[in-house]
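Notes follow once the structure below has been shown.
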Amino acid sequence: MISRRATATTDLASVMHTQWSCFDSPPPILASFASLSLDVSSEASTGSGNKLVDVLPGVATKKRLSLCGDVLLSRAQKKISSIEAELKKIEEKLERKKTEYVEKMKNKIALIHKDVEEKRTVIEAKKDENVLKAEEMAAKYHVTGTAPKKLLGCF
Numbered sequence: 000m001i002s003r004r005a006t007a008t009t010d011l012a013s014v015m016h017t018q019w020s021c022f023d024s025p026p027p028i029l030a031s032f033a034s035l036s037l038d039v040s041s042e043a044s045t046g047s048g049n050k051l052v053d054v055l056p057g058v059a060t061k062k063r064l065s066l067c068g069d070v071l072l073s074r075a076q077k078k079i080s081s082i083e084a085e086l087k088k089i090e091e092k093l094e095r096k097k098t099e100y101v102e103k104m105k106n107k108i109a110l111i112h113k114d115v116e117e118k119r120t121v122i123e124a125k126k127d128e129n130v131l132k133a134e135e136m137a138a139k140y141h142v143t144g145t146a147p148k149k150l151l152g153c154f
């Protein structure tokens, strides 16, 4: 009678130790089961004592798998969320760089347009100056009544 009780308690403790090895300590509900002293001899006559000892490792295994699965799932979710946060930071950084680059290109285009306008005004001023010179020379020849000696510059 004493040997069966000691064996049942020892089996439960060893099952709890091996089944919950991935955690620091077993869950409190299993710890309370381990502290119970099972009287296997008195329950052997009813037949329910052996079932509890037989079912408890299966329950412990299911609980362990469930908790291990939950822990792994939460770790995976943490990794996923940290990677998503890093991805979002990188996307924001790239968006900022893109905006800065677009702004630089627009400024370059504006500088080019400004240079073109300045050159156009200089060319127009020279053209107006040449037209004014030609008009002055025509007026001078008209007043004096003489014709220019060189009509064409190549002859």
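Every letter in the sequence shown is one number past the one before it in numbering that gives the first Met the number 0, and letter 17, counting from 1, is 16. Using N, Cα and C, we set each Cβ at its ideal position, and we do this for glycine too. Bear in mind the structure is a predicted one, so any value in this text is a computation, not a measurement.
- In the three-state scheme derived from DSSP, where H, G and I count as helix and E and B as strand, K96 is classed as helix.
- When rounded, the separation of the alpha-carbon atoms in A137 and E123 is 21 Å.
- In the displayed model, A133 falls within a helix according to three-state DSSP.
- E99 and K92 have their alpha carbons spaced roughly 11 Å apart.
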